[in-house]
Amino acid sequence: MAEELLSEIGSEEFRVDSVRAWLSRPEGEVLYARSESDLGADGADLIVILSRHSGVPGSPVITTHVSGNFGQAPYGGEPETLSTACPPFMKAFLRVVADSALEIGF
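Those letters in the sequence shown? Residues 97 to 202, by our numbering.
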């Protein structure tokens, strides 16, 4: 999805309402970061991670959620630990992406 978004917005830097965002493509299949420094995002106000999710078998899904684990952490991370949410950005992001969803295959 990152490649499709990059193609659509034409730049790695973009805005969602008044928030300036930067699209980054970390290396590897799994991302595990304990701090902003691990992502090269020191001093960032907001960090957005794009990941692939599926809904009905074979159907892509555009969603937004806070990373972390409500309970145990069978797939990694810290148990019973969630990141801080930014609901206004999450809502604005979904609106912006929804406007381009059909064009990028969602």
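C-beta: ideal position from N, C-alpha, C; glycine also.
Val192 beta carbon less than 7 angstroms from that of Ile158: no
Asp169 versus Glu199 - alpha carbon distance: The sequence given here places Ala at residue 169; Asp does not occur at that position. Rounded to the nearest whole angstrom, the C-alpha separation of Ala169 and Glu199 is 35 angstroms.
Cross-strand partners of Leu178 (DSSP beta bridge): Note: Leu178 sits in a beta bridge opposite Gly164.
Where Gly106 falls, given that 16 or more other Cβ within 10 Å makes a residue buried: Low confidence applies here, because Gly106 scores a pLDDT of 46, under 50, leaving its location unreliable; read the following figure in that light. Exposed: under 16 other Cβ atoms inside 10 Å.
CB-CB length for Ala137 against Val162, believed under 8 angstroms: The pair is not a contact, with the Cβ atoms about 16 angstroms apart (cut-off 8 angstroms).
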